[in-house]
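Heads up: the sequence shown begins at 662 in my numbering, then just goes up one per residue. Ideal Cβ positions, reconstructed from N, Cα and C, are used throughout, including at glycine. Below is one structure, written out as structure tokens; comments come after it.
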Amino acid sequence: MLLTNDQILVIGDRDRRMQNSVASALPSASVTSVQSVFDALAELNAGVYSGVLVNVDPLQSRPEAATRALREAAGEARLVVYSDPAHEPLSMTLVEHGADDYLIAPAENSELQNLLAMPVSRVVEADQPQSDTNSAAVSDVLQPLLELPMTDIVLSAMLDHPQQAIRHAVADIAQRVAPTIRISYSPPGEPVPAPTDTLAVLTQPIRAGDAEANIVGVLVMEVDKPVDEVAADHALCRIAQVLGKVAQVDDRQARLQKLAITDELTGVYNGRYFKHFLTRILEKAKARRFPVTLFLFDIDNFKKYNDTYGHAVGDEILRQTASAMKRSSRDHDLVARISGDEFAVVFWEKEGPRQAYDQQQPAARLPNTPLIIADRFRKLLGNKDFTEFSMLGTAGKGVLTISGGMAVYPYDAQTADDLIDAADKALMFGAKKGGKNSIYLVGGDQDAVLGNKDQ
């Protein structure tokens, strides 16, 4: 392990990121930074270093010769090449010319600790006796793992399978290293294979960052031939860390995607995603034969609340209205704010129809559940005990109402645009024209469905 007086030399670190990473990972070590290979050779000739980290950038004019010169000057120090993912093939090549290992920057604390604390293992010259006659065979076992083109693997997985990049990258790796080595991925909470007398099992957590809470799975390697377990564990660690970067990208993409489809004020879906979802769910409904109910509603006289209480209170009314509708609906139903104070809810049957609908039998045209949910929601907003609207004060409590229109696929329309148009007409010419505080069903009797007589 590294001692408290160990010296680390960092070469070509123009933005000081590697120097800062080493200082964080190995706080007891002394870190020296130089920019050129010539400065590095001077430092190595003048002092004793336990580890040398060199960026591939200052090596690219004559990388092999520069690496061999650094190897000779470094003595027993561990020589590690680092680069961005695009230069990983060059970094791998330089391991054959004197470097002990390589890493992909930015490096995590655990990776730096493993690399710089690991005992140095040198290639034995041909004219020197080998202490272990099986060492070549042991090395050959790991060779497919060490030669993996990780950049190509992860980029292909991210492009072709953006939602399951890690799983597909591991599947690609497993195919490349089989049959001697078996690589698999265990999601969080799943057990990993236990070692047997003839089978070594090594594991490495895949972390989307340094924190334990960011573990997104476990990388598992099974080997049924003699292998240097320290070297194997290190190789597996390197792959796990690359996959951890993929997990971070996946997480960032998921958060960006959520922002793109979410209404910033209320936290429910936005109008763009509502239209996309409605189109897709109608395609599914057509194939599986179940009804889809669209409920459009807005807040009656919403401008009055803005004018009386101010826009901050108006925004809070929109947030609480969206939240109440979300709580009132089922988990699989979609709630969206499509503009201003207008909202949409798409009710659909997750389990599919209990029996195929008959387009000649319109009696059961509206499922009971959407109607019950919408009516319960309408009454909830106007209830004086609904504490979420406390910002309206005593005089304002219990006076907020909504008007809505409902249309049902396949009875009222066959496409998303026609269904929206039918529900909108029910809202504007049914509920609004009928005195507000009501929900009007296309083709239905307003008073018999959800009238305003209960207020």
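query: Among residues of its own chain, excluding the 5 on either side of residue 761, which ones have a beta-carbon nearer than 7 Å to its beta-carbon?
result: Residue 761 sits at position 100 when you count from the first residue of the sequence shown. Excluding residues within five positions, the ones whose Cβ falls inside 7 Å are 739, 740, 741, 781.
- request: Quick one: which unbroken beta strand (DSSP E) runs of 3-plus residues sit fully inside the stretch 864 to 899? Chain order, please.
  value: Secondary structure in the stretch 864 to 899: the beta strand (DSSP E) runs of 3 residues or longer, each lying completely within the stretch, are 876 to 884 in chain order.
field: Inter-stretch contact (C-beta, 8 Å, three-pair minimum) for the stretch 945 to 958 and the stretch 1058 to 1074
entry: Contact holds: three or more Cβ-Cβ distances are below 8 Å.
task: Please determine if the stretch 990 to 1008 and the stretch 928 to 943 are in contact, where contact requires at least 3 C-beta pairs separated by less than 8 Å.
output: Cβ pair count under 8 Å is three or more, so yes.
task: Mark residue 1098 as exposed unless 16 or more other C-beta atoms lie within 10 angstroms of its C-beta, in which case mark it buried.
output: Counting from 1 along the sequence shown, the entry for residue 1098 is found at position 437. Buried, by the Cβ-count rule.
message: Does residue 639 pass the burial test, meaning 16 or more other C-beta atoms within 10 Å, or should it be called exposed?
response: Residue coverage of the chain in this structure runs from 662 to 1116, which leaves residue 639 outside it and unanswerable.
message: Bridge partners for residue 954 per DSSP, in chain order?
response: Mapped onto the sequence shown, residue 954 falls at position 293. Paired residue(s): 1008, 1069.
- request: Verify the contact flag: residue 833, CB atom, against every heavy atom of the ligand NAP, threshold strictly below 7 Å.
  value: For the ligand NAP, the structure offers nothing, since it holds no ligand at all.
message: Less than 8 Å between the beta carbons of residue 896 and residue 776, yes or no?
response: Numbered from 1 along the sequence shown, position 235 holds the residue referred to as residue 896. Numbered from 1 along the sequence shown, position 115 holds the residue referred to as residue 776. Against a cut-off of 8 Å, the Cβ pair of residue 776 and residue 896 comes out as no contact.
field: Straight-line gap, residue 768 to residue 682 (C-alpha atoms, nearest Å)
entry: By 1-based counting over the sequence shown, the position of residue 768 is 107. By 1-based counting over the sequence shown, the position of residue 682 is 21. For residue 768 and residue 682, the distance between alpha carbons rounds to 7 Å.
- prompt: residue 784 to residue 915, Cα distance in whole Å?
  reply: Residue 784 sits at position 123 when you count from the first residue of the sequence shown. Residue 915 sits at position 254 when you count from the first residue of the sequence shown. For residue 784, the pLDDT reaches just 40, beneath the cut-off of 50, and the residue's location in the model is therefore unreliable, leaving the point undetermined.
- prompt: Of all the options 684, 686, 1075, which has the alpha carbon lying nearest to the alpha carbon of residue 946?
  reply: The residue given as residue 946 occupies position 285 in the sequence shown. The candidate whose alpha carbon is nearest that of residue 946 is 1075.
task: Measure how close the beta-carbons of residue 1034 and residue 990 come, nearest whole angstrom, since I'm counting them as under 8 Å.
output: Within the sequence shown, the letter at position 373 stands for residue 1034. Within the sequence shown, the letter at position 329 stands for residue 990. At roughly 6 Å, the Cβ-Cβ gap stays under 8 Å, so residue 1034 and residue 990 are in contact.
message: Let's see if you can read the secondary structure: which residues bound the alpha helix (DSSP H) around residue 716?
response: For the purposes of this step, residue 716 is taken as the residue at position 55 of the sequence shown. Counting along the chain, residue 716 falls outside any alpha helix (DSSP H), though it belongs to the beta strand (DSSP E) covering 712 to 716.
message: Can you look up residue 786 in the DSSP assignment and give me helix, strand or coil?
response: If you number the sequence shown from 1, residue 786 lands on position 125. Caution applies to residue 786, whose pLDDT of 39 falls short of 50 and renders its modelled position unreliable; the value that the coordinates give is listed next. In the three-state reduction of the DSSP assignment, residue 786 falls in the coil class.
query: Rounded to a whole number of angstroms, what is the C-alpha to C-alpha distance between residue 1016 and residue 940?
result: Within the sequence shown, numbered from 1, the residue matching residue 1016 stands at position 355. Within the sequence shown, numbered from 1, the residue matching residue 940 stands at position 279. The predicted model places residue 1016 with a pLDDT of 44, which falls under 50 and marks its position as unreliable; any figure quoted below should be read in that light. Taking the straight line joining both Cα atoms gives about 23 Å.
field: Those residues which DSSP pairs with residue 776 across a bridge
entry: Start at 1 with the first residue of the sequence shown, and residue 776 comes out as number 115. Answer by DSSP bridge pairing: none, since residue 776 is not bridged.
message: For the structure I just gave you, are there three or more beta carbon pairs, one from the stretch 710 to 723 and one from the stretch 666 to 678, closer than 8 Å?
response: Taking a cut-off of 8 Å on C-beta distances, the stretch 710 to 723 touches the stretch 666 to 678, as three or more cross pairs fall below it.
Delimiting residues of the alpha helix (DSSP H) encompassing residue 1084: As a first step, residue 1084 is located in the sequence shown; it is residue number 423 there, counting from the start. Element bounds for residue 1084: 1077 to 1086.
- prompt: Are residue 883 and residue 843 touching if we call contact CB-CB under 8 Å?
  reply: One-based indexing of the sequence shown puts residue 883 at position 222. One-based indexing of the sequence shown puts residue 843 at position 182. Yes, they are a contact pair.
- request: Would you mind reading off the limits of the beta strand (DSSP E) that contains residue 675?
  value: Looking up residue 675 in the sequence shown gives position 14. Segment: none, residue 675 is in no beta strand (DSSP E) and carries neither H nor E.
- request: Look at the alpha carbon of residue 846 and the alpha carbon of residue 950, and state the distance between them as a whole number of angstroms.
  value: In the sequence shown, residue 846 corresponds to position 185, counting from 1. In the sequence shown, residue 950 corresponds to position 289, counting from 1. Residue 846 and residue 950: Cα-Cα distance of roughly 38 Å.
Cutoff 6 Å; reference residue 819; Cβ partners in own chain excluding five residues on either side: Taking the first residue of the sequence shown as 1, we reach residue 819 at position 158. Setting aside the 5 residues that flank it on each side, residue 819 is surrounded in the same chain by 826, each with a C-beta closer than 6 Å to its C-beta; the list follows chain order.
field: Helix, strand or coil at residue 931 according to DSSP, with G and I counted as helix
entry: Position 270 of the sequence shown holds residue 931. Judged by DSSP in its simplified three-state form, residue 931 adopts strand.
field: Three-state secondary structure assigned by DSSP to residue 853
entry: Residue numbering aside, residue 853 sits at position 192 when the sequence shown is read from its first letter. DSSP, read as helix, strand or coil, puts residue 853 in coil.
- prompt: Considering only residues of the same chain and omitting the five flanking positions on each side of residue 786, which have a CB-CB separation below 8 Å?
  reply: Position 125 of the sequence shown, counting from 1, holds the residue named residue 786. With a pLDDT of only 39 at residue 786, under 50, the local geometry of the prediction cannot be trusted, and the value read off the model is given with reservation. Around residue 786, the same chain offers no residue with a beta carbon nearer than 8 Å, after the five sequence neighbours per side are excluded.
- request: Please report how far the alpha carbon of residue 726 lies from the alpha carbon of residue 756, in whole angstroms.
  value: For the purposes of this step, residue 726 is identified with residue 65 of the sequence shown, where counting begins at 1. For the purposes of this step, residue 756 is identified with residue 95 of the sequence shown, where counting begins at 1. A straight-line Cα-Cα distance of about 12 Å links residue 726 and residue 756.
message: Taking the alpha-carbon of residue 1081 as reference, which of 1005, 1010, 1036, 1061 has the nearest alpha-carbon?
response: Taking the first residue of the sequence shown as position 1, residue 1081 is located at position 420. Among 1005, 1010, 1036, 1061, the Cα nearest to that of residue 1081 is on 1005.
Beta-carbon proximity list for residue 977, same chain, < 7 Å, skipping 5 on both sides: The residue given as residue 977 occupies position 316 in the sequence shown. Cβ neighbours of residue 977 beyond the five flanking positions: 1052.
- prompt: Quick one: complete alpha helix (DSSP H) runs, 4+ long, within the stretch 945 to 993?
  reply: If we require 4 residues or more, the alpha helix (DSSP H) runs fully inside the stretch 945 to 993 come out as 963 to 970, 972 to 989.
query: Can you tell me the Cα-Cα spacing of residue 981 and residue 927, whole angstroms?
result: By 1-based counting over the sequence shown, the position of residue 981 is 320. By 1-based counting over the sequence shown, the position of residue 927 is 266. For residue 981 and residue 927, the distance between alpha carbons rounds to 8 Å.
- request: Rounded to whole angstroms, what's the CA-CA distance from residue 1020 to residue 1072? Just pull it up for me.
  value: Locating residue 1020 in the sequence shown gives position 359, counting from the first residue. Locating residue 1072 in the sequence shown gives position 411, counting from the first residue. Bear in mind that a pLDDT of 46 at residue 1020, under 50, signals an unreliable position, so the number given afterwards is only what the model happens to contain. Rounded to whole angstroms, residue 1020 to residue 1072 spans 7 Å at the Cα level.
Reduced DSSP secondary structure (H/G/I, E/B, other) of residue 838: Start at 1 with the first residue of the sequence shown, and residue 838 comes out as number 177. In the displayed model, residue 838 falls within a helix according to three-state DSSP.
message: In the DSSP assignment, the alpha helix (DSSP H) including residue 732 goes from what residue to what residue?
response: Along the sequence shown, one-based indexing puts residue 732 at 71. Segment 724 to 735, the alpha helix (DSSP H) holding residue 732.
- request: Would you grab the beta carbon distance between residue 805 and residue 838 for me? Rounded to a whole angstrom, and I think it's under 8 Å.
  value: Here residue 805 refers to the residue found at position 144 of the sequence shown. Here residue 838 refers to the residue found at position 177 of the sequence shown. Beta-carbon to beta-carbon, residue 805 and residue 838 are separated by about 4 Å, close enough to satisfy the 8 Å threshold.
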